[in-house]
Amino acid sequence: MNAALAAAAHGLIGVRFRLHGRDPATGLDCVGLVAEAMRSAGFAPVVPIGYSLRSAEPDRLLPFARLSGLIVEPRSPDILLVRVNAVQQHLLIATATGFIHAHAGIGRVVLMPGACPWPIARGWRVSHHKED
Numbered sequence: 056m057n058a059a060l061a062a063a064a065h066g067l068i069g070v071r072f073r074l075h076g077r078d079p080a081t082g083l084d085c086v087g088l089v090a091e092a093m094r095s096a097g098f099a100p101v102v103p104i105g106y107s108l109r110s111a112e113p114d115r116l117l118p119f120a121r122l123s124g125l126i127v128e129p130r131s132p133d134i135l136l137v138r139v140n141a142v143q144q145h146l147l148i149a150t151a152t153g154f155i156h157a158h159a160g161i162g163r164v165v166l167m168p169g170a171c172p173w174p175i176a177r178g179w180r181v182s183h184h185k186e187d
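Residue numbers (my numbering): 56 to 187.
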């Protein structure tokens, strides 16, 4: 778990959910949450536009992970791509006590304590290279 990323995500708890949201002032979705937490922690995310997480294959989004400096890490990832169901994927940020994510049903960014309830499709750690 990257402490700076987790702390930045923690600071976003309570921000309202907004599909394709990229600004905490107006709302974030799961991609926006990861991007904003990465920016706040000093990283340089590359964010897709016009995407859908409702797809059976996440491969279309994988180039953005590489461009953002994310490194595949299946054992102890900072960022997880999970399968909520057969055709819906979702991004989570790992913390010491659980996972932070943009919860559409609740309408806010929340902390989900404990283990991840969904199958993990991919996991990454943030690179140690921050913006200059």
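By construction, the Cβ of each residue, glycine as well, lies at the ideal position given by its N, Cα and C atoms.
Taking C-beta atoms as the reference points, Ile134 and Ile148 count as a pair closer than 7 Å.
In terms of CA proximity to Gly97, Ala63 leads the group Ala63, Leu122, Gly87, Phe119.
Contact holds between the stretch 157-164 and the stretch 85-93, because three or more Cβ pairs, one in each stretch, are under 8 Å apart. Using a Cβ distance threshold of 7 Å, Leu60 and Val70 do not count as a contacting pair.
Take Phe72, set aside five residues on each side of it, and the residues of its chain with a beta-carbon closer than 8 Å to its own are Gly82, Leu83, Asp84, Ala157, His158, Ala159, Ile161, Gly162, Arg163, Val164, in chain order. Nearest to Ser123 by C-alpha distance, out of Pro100, Arg115, Leu117, Arg138, is Pro100.
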